Amino acid sequence: MSKPILILNGPNLNLLGTREPEIYGATTLPQVEDMCREEASARGFEISFHQSNSEAEIIGWIQGAVSGAAGIIINPAAFTHTSVAILDALKMVPCPVIELHISNPHAREEFRHKSFVSLAATGVICGLGVDGYKLAIQAMAGLLGRSA
Ligand code: DQA
241 MSKPILILNG PNLNLLGTRE PEIYGATTLP QVEDMCREEA SARGFEISFH QSNSEAEIIG
301 WIQGAVSGAA GIIINPAAFT HTSVAILDAL KMVPCPVIEL HISNPHAREE FRHKSFVSLA
361 ATGVICGLGV DGYKLAIQAM AGLLGRSA
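With the sequence shown counted from 1, adding 240 to any position gets you this note's numbering.
Put into structure tokens, the structure is as follows:
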């Protein structure tokens, strides 16, 4: 059985749809998960989709990906700008890593311009709304040699 694409979502993304909809839109996280599952399955991939407000839990999933995932798509949310621990975990995984943001952090407050996670990312997608998740799956399929 082939390994899934791990899709990780950081703090406050559980409230997608109601959280600052003028920035993040009206789509909920379960709707994003459905969208991802459909996009991945069209390319012959399974996904393993998670959200946590806890840095420790996210690090646990990344550590599990060292041997258990084909690739990682991660929206680290606010941990993007603070977490050396998530960066260090990502540096251990051999698979491609795509960093994803719904908004464009570079067009926002200065503290959002710095990403620790980018240092370990194969590529970054930002500012394209929740469609970024679909684009990330398409890009990951390409990186894994399975673009449809
Ligand atoms: C975010 C951008 C981050 O700066 C912010 O803290 C988030 C969401 C995004 O998806 O645009 O929580 O990662």
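We put the beta carbon where it would ideally sit given N, CA and C, even for glycine. Here the structure is a predicted model, which is why all the values come from computation and not from measurement.
Three-way DSSP call (helix, strand, coil) for residue i in this model
{"i": "Val324", "result": "helix"}
{"i": "Leu400", "result": "Because the chain in this structure spans residues 241 to 388, residue 400 falls outside the shown range and cannot be described."}
{"i": "Glu279", "result": "helix"}
{"i": "His353", "result": "coil"}
{"i": "Asn254", "result": "helix"}
Residue i beta carbon near the ligand DQA (any heavy atom closer than 7 Å)
{"i": "Ala325", "result": "no"}
{"i": "Asn293", "result": "no"}
{"i": "Thr320", "result": "yes"}
{"i": "Ser281", "result": "no"}
{"i": "Pro345", "result": "yes"}
{"i": "Ile342", "result": "yes"}
{"i": "Ala317", "result": "yes"}
{"i": "Arg352", "result": "yes"}
{"i": "Asn252", "result": "yes"}
Residue interval of the beta strand (DSSP E) (run including residue i)
{"i": "Gly363", "result": "363 to 366"}
{"i": "Ile377", "result": "It is not in any beta strand (DSSP E) - Ile377 instead sits in the alpha helix (DSSP H) that spans 371 to 383."}
{"i": "Val337", "result": "337 to 341"}
Cβ of residue i within 8 Å of any chain B Cβ
{"i": "His321", "result": "This model lacks chain B altogether, as it is built from one protein chain only."}
- Task: Give a yes or no on contact between the segment 356 to 374 and the segment 319 to 329, applying the rule of three or more CB pairs nearer than 8 Å.
- Result: Yes, the segment 356 to 374 touches the segment 319 to 329.
- Message: To test your reading of the DSSP string, which unbroken alpha helix (DSSP H) runs of 4 or more residues are found completely within the segment 256 to 311?
- Response: Complete alpha helix (DSSP H) runs here, min 4: 261 to 264, 269 to 281, 295 to 308.
- Query: Using 8 Å as the threshold, is the segment 289 to 296 in touch with the segment 244 to 257, meaning 3 or more CB pairs across them?
  - Reply: Between the segment 289 to 296 and the segment 244 to 257 there are three or more inter-stretch CB-CB distances shorter than 8 Å, so the stretches are counted as touching.
- Between the segment 271 to 280 and the segment 366 to 375, do at least 3 Cβ pairs fall closer than 8 Å? Yes, they touch.
- Is the segment 314 to 323 touching the segment 251 to 264 in the sense that three or more CB pairs, one from each, lie closer than 8 Å? These segments touch.
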